[in-house]
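Asks: Each step along the sequence shown adds one to the number in this note's numbering, with nothing skipped, and position 18 is 3. C-beta: ideal position from N, C-alpha, C; glycine also. All values derive from a computational prediction rather than experimental measurement.
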Amino acid sequence: LRAKLYGEFPHLARIDQVQAGSGDDIAKVAKLGGRLNKGTFTSAVKDFYLTNPIARASAVMAECSALAKSGFKQAAE
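1) Looking at the structure shown, is leucine 17 part of a helix, part of a strand, or coil, going by DSSP?
2) Can you give me the C-alpha to C-alpha distance between glutamine 2 and proline -5, rounded to a whole angstrom?
3) Can you tell me where the alpha helix (DSSP H) with alanine 53 in it begins and where it stops?
4) What did DSSP end up calling phenylalanine 33 once you bin it into helix, strand or coil?
5) Going by the CB atoms, is the gap between alanine 40 and tyrosine 34 shorter than 8 Å?
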């Protein structure tokens, strides 16, 4: 999988490096157009503790989720 990914997108194989962009890249994106709406950005994650199948199968993560929803306070709060 990685070999195929790196073959199609070689910059992803260069760990801890950022490929420099160019003004032409920005101009291409600017030509795409589009409109911004005035709405606020919100997170697509509704429940941090249940964001993947492994977490959803976990009793511990289910407990964390329930505590987060109930507004559980820690001893120091």
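Replies: On the basis of the coordinates in this document:
1) coil
2) 12 Å
3) 44 to 55
4) In the displayed model, phenylalanine 33 falls within a helix according to three-state DSSP.
5) yes
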